[in-house]
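Enquirer:
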Amino acid sequence: MKTSFPRQDIKVLLLEGVSRTAVEVFERAGYSQIEYHAKSLPEDELKARVADAHIIGIRSRTHLTAEVLEHAKRLIAVGCYCIGTNQVELTAAARLGVPVFNAPYSNTRSVAELVIAEAIMLLRGIPQKNALCHRGGWTKSASGSFEVRDKVLGIIGYGHIGTQVGVLAESLGMRVIFHDIETKLSLGNARAAGNLDDLLERADVVTLHVPETPATKLMFGKNELDRMRKGSLLINASRGTVVDIDALADALRKEHLGGAAIDVFPVEPKGNDDPFVSPLIGMDNVILTPHIGGSTLEAQDNIGIEVASKLVRYSDNGSTLSAVNFPEVALPEHPRSRRLLHIHRNVPGVLSRINELFSAGNINIDAQFLQTNADVGYVVIDVSADEQQAASLKDKLAAIPGTLRTRVLY
Ligand SMILES: NC(=O)c1ccc[n+]([C@@H]2O[C@H](COP(=O)([O-])OP(=O)(O)OC[C@H]3O[C@@H](n4cnc5c(N)ncnc54)[C@H](O)[C@@H]3O)[C@@H](O)[C@H]2O)c1
Ligand SMILES: O=C(O)CC[C@@H](O)C(=O)O
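For the sequence shown, the positions run 1 to 410 when full-length UniProt numbering is used.
1. Which of helix, strand or coil does DSSP assign to residue 430?
2. Just the C-alpha distance for Thr163 and Asp366, rounded to the nearest angstrom, thanks.
3. Using the Cα positions of Tyr158 and Ala398, report the straight-line distance between them to the nearest angstrom.
4. Just reading off the beta strand (DSSP E) that Val312 is part of, what are its end residues?
5. Mind listing, in chain order, the continuous alpha helix (DSSP H) runs of no fewer than 4 residues lying wholly within the stretch 62 to 107?
6. Could you check which residue in His256, Arg239 and Gly221 has the C-alpha nearest to that of Ala247?
7. I'd like to confirm something about His71: is its beta-carbon nearer than 7 Å to some heavy atom of ligand 2, or not?
8. Could you tell me how far apart the beta carbons of Ser232 and Asp204 are, in whole angstroms, since I believe they sit closer than 8 Å?
9. Using 7 Å as the cut-off, classify the Cβ of Tyr410 as near or not near the heavy atoms of ligand 1, replying yes or no.
10. Using the three-state DSSP reduction, which class does Phe358 fall into: helix, strand or coil?
11. Pull up the CB-CB distance for Gly293 and Thr21, whole angstroms please, since I reckon it's below 8 Å.
12. Between Asp180 and ligand 1, is the CB less than 7 Å from at least one heavy atom?
13. Using C-beta distances below 7 Å, list every residue in its chain close to Ile10, excluding the 5 sequence neighbours before and after it, in chain order.
14. So, is Ile155 buried or exposed, given that buried needs 16 or more other C-beta atoms within 10 angstroms?
15. Just curious, the alpha helix (DSSP H) that Asp198 is in, first and last residue?
16. Please report the straight-line C-alpha distance between Met1 and Val206, rounded to a whole angstrom.
17. Consult DSSP for Met1 and reduce its assignment to one of helix, strand or coil.
18. Given a threshold of 16 other Cβ atoms within 10 Å of its Cβ, counted over all protein chains shown, does Gly188 qualify as buried or as exposed?
19. Please determine, among Arg149, Thr213 and Pro104, the residue with the shortest C-alpha to C-alpha distance to Ile161.
20. Measuring alpha carbon to alpha carbon, tell me which of Lys270, Ala94 and Ser238 ends up nearest Val323.
21. First and last residue of the alpha helix (DSSP H) that includes Thr207?
22. Using a threshold of 7 Å, is the CB atom of Lys184 nearer than that to any non-hydrogen atom of ligand 1?
23. Output the residue ranges of the alpha helix (DSSP H) runs that lie fully inside the stretch 108 to 185 and measure 4 residues or longer, sorted by chain position.
24. Taking just the CA atoms, how far does Gln128 sit from Ile281?
25. Beta carbon of Leu340, beta carbon of Val383: below 8 Å?
26. Go to Arg20, then tell me how far its alpha helix (DSSP H) extends in each direction, as first and last residue.
27. Output yes if chain E places a C-beta closer than 8 Å to the C-beta of Glu255; else output no.
28. What would DSSP say about Arg191, mapped onto helix, strand or coil?
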């Protein structure tokens, strides 16, 4: 396919050691300028590296703030090689005409498996026993050690991960209750709790699976910890901002909680060589993991393929299906037409200005696709035009007030 902007001129910047499967997808599609970094970059270097990037791929450690995005003058799309997209200022990206994609499913099973393993370990008191053995101690005792069978698992956030945790937990004989802000279909014998307090008062193990949003920030603090049953257990593999970590450390010190498994932290090291600091360090009844809930080879390889394929599809064809901040358009191929993209602020009158432009130039529109969200309008126009006409149309489209970005795709 002929593109007005050849693929070999499109620079792809991949950070944080995303799976090599992502590189393979880009290379197979004809993208040869791929800059790959195994780590996230300090902010100054990040600003310098994004300056000439057309496509940026990150995981959870790289913060694409409005300020960083301002440096990415050539940016056409961002891929988050993970579920969470809270590390990107999504509205700022949309206002620059940049869609953001993620992988909403590929690592969910990996997180669910880890949570179940942690529930078993915590109920058996394994973290403490393991730590003691490493120090040369030996306490062979059933005291404080329980089966998971018949225990109550309370799931907060009953989405893709929460539901899978529930299904796996039931297969082990646990009783599952959940709390969500949306009405959710219960899977298996799981039951919605009356409300959050009801869940906290009934659960032996509480596990958090909410996204990071303004409403979930510190949603789990002293009040919620106090509501939990004495000796109960907390698992957090959602986001570090959801739990008040000092309040949790306090509840553990006071032995109100019997233990915890924490995978995500309010402040996480930038890279594997940076130090990890937490008030939970040194507590034998706490499993600490370095944000690896979704880090299995299966999940990472699938995420690499999923997100890179979405980015290639947008770059080659204009489809924005499953973008998290952008109007979604699924586009057919029209190889005999030329395809122009027009991204604009969603204000009245832009579409009629676009159409006037085509009728004034006597250019036949073969197909047109329009989708809007609160901020942005996205129009894809397939036209019968030669290369020169397409270039001139692009310039005229760019002059329409409210335009954020235009492209001739092919
Ligand atoms: N530890 C890891 O490596 C890892 C891996 C994958 C995902 N995650 C995190 O897990 C989160 C959840 O993933 P998912 O795929 O299940 O997401 P999801 O969107 O499918 O489910 C989230 C659920 O939380 C609910 N929710 C939102 N706000 C809530 C609130 N205030 N109270 C109660 N429920 C609320 C939503 O309605 C939804 O049902 C992700 O956003 C990500 O931050 C972490
Ligand atoms: O891989 C990561 O960096 C993040 C994993 C996880 O938190 C996600 O949001 O999918």
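All C-beta atoms, glycine included, are put in the ideal place defined by N, C-alpha and C.
Expert: Taking the definition as stated:
1. Here the chain comprises residues numbered 1 to 410, so residue 430 is not present and cannot be evaluated.
2. Sequence index remark: in the sequence shown, residue 163 carries index 163 (1-based). Sequence index remark: in the sequence shown, residue 366 carries index 366 (1-based). So the two alpha carbons sit approximately 44 Å from each other.
3. Along the sequence shown, read from residue 1 onward, the residue named residue 158 stands at position 158. Along the sequence shown, read from residue 1 onward, the residue named residue 398 stands at position 398. Looking at the two C-alpha atoms, the distance is approximately 44 Å.
4. As a position in the sequence shown, residue 312 is number 312, starting the count at 1. Counting along the chain, Val312 falls outside any beta strand (DSSP E), though it belongs to the alpha helix (DSSP H) covering Leu297 to Asn317.
5. 66 to 71 and 90 to 95
6. Counting from one through the sequence shown, the residue named residue 247 turns up at place 247. Selected option, being the one with the closest Cα: Gly221.
7. To locate residue 71, count along the sequence shown from 1; it is residue 71. No; taking the cut-off as 7 Å, the Cβ of His71 has no heavy atom of ligand 2 nearer than that.
8. Position 232 of the sequence shown, counting from 1, holds the residue named residue 232. Position 204 of the sequence shown, counting from 1, holds the residue named residue 204. For Ser232 against Asp204, the beta-carbon gap comes to about 5 Å, under 8 Å, which counts as contact.
9. As a first step, residue 410 is located in the sequence shown; it is residue number 410 there, counting from the start. No, Cβ of Tyr410 sits at least 7 Å from all heavy atoms of ligand 1.
10. Mapped onto the sequence shown, residue 358 falls at position 358. Of the three classes helix, strand and coil, the one that applies to Phe358 here is helix, per DSSP.
11. Locating residue 293 in the sequence shown gives position 293, counting from the first residue. Locating residue 21 in the sequence shown gives position 21, counting from the first residue. Between Gly293 and Thr21, the beta carbon gap of about 20 Å keeps them out of contact (Cβ cut-off 8 Å).
12. Residue mapping note: residue 180 aligns to position 180 of the sequence shown, counting from 1. Indeed, a heavy atom of ligand 1 lies less than 7 Å from the Cβ.
13. In the sequence shown, counting from the first residue as 1, residue 10 sits at position 10. Excluding sequence neighbours, Ile10 sits near Tyr31, Gln33, His54, Ile55 and Ser315.
14. Looking up residue 155 in the sequence shown gives position 155. The residue in question, Ile155, is buried, as its Cβ has 16 or more Cβ neighbours within 10 Å.
15. On the sequence shown, residue 198 is found 198 positions in, with the first residue counted as 1. DSSP places Asp198 in the uninterrupted alpha helix (DSSP H) bounded by Leu196 to Arg202.
16. Translated into the one-based positions of the sequence shown, residue 1 becomes position 1. Translated into the one-based positions of the sequence shown, residue 206 becomes position 206. The pLDDT assigned to Met1 is 49, lower than 50, so where the model puts this residue is not dependable; a value taken from the coordinates is nonetheless given after this. Cα to Cα, Met1 sits roughly 52 Å from Val206.
17. Along the sequence shown, read from residue 1 onward, the residue named residue 1 stands at position 1. Only weak support exists for where Met1 lies, its pLDDT of 49 falling under 50; the value from the coordinates is given anyway. In the structure shown, Met1 adopts coil according to DSSP, grouped into three states.
18. One-based indexing of the sequence shown puts residue 188 at position 188. So Gly188 counts as exposed.
19. The count along the sequence shown starts at 1 and reaches residue 161 at position 161. Ile161 has its Cα closest to that of Pro104, out of Arg149, Thr213 and Pro104.
20. Taking the first residue of the sequence shown as 1, we reach residue 323 at position 323. It should be pointed out that residue 323 corresponds to Ala in this sequence rather than to Val. It is Ala94.
21. The sequence position of residue 207 within the sequence shown is 207, counting from 1. Looking at the DSSP string, Thr207 is not in any alpha helix (DSSP H); the run it does join, the beta strand (DSSP E), is Val205 to Leu208.
22. Here residue 184 refers to the residue found at position 184 of the sequence shown. Yes - ligand 1 has a heavy atom lying nearer than 7 Å to the Cβ of Lys184.
23. For the stretch 108 to 185, whole alpha helix (DSSP H) runs of length 4 or above, ordered along the chain, are 108 to 124, 126 to 134 and 160 to 171.
24. Counting from one through the sequence shown, the residue named residue 281 turns up at place 281. Counting from one through the sequence shown, the residue named residue 128 turns up at place 128. Taking the straight line joining both Cα atoms gives about 13 Å.
25. Locating residue 340 in the sequence shown gives position 340, counting from the first residue. Locating residue 383 in the sequence shown gives position 383, counting from the first residue. Cβ distance < 8 Å, so Leu340 and Val383 count as in contact.
26. On the sequence shown, residue 20 is found 20 positions in, with the first residue counted as 1. Note, Arg20: alpha helix (DSSP H), Arg20 to Arg28.
27. In the displayed structure, chain E is absent; only one protein chain is listed.
28. Position 191 of the sequence shown, counted from the first residue, corresponds to residue 191. Residue state, collapsed to three classes: strand.
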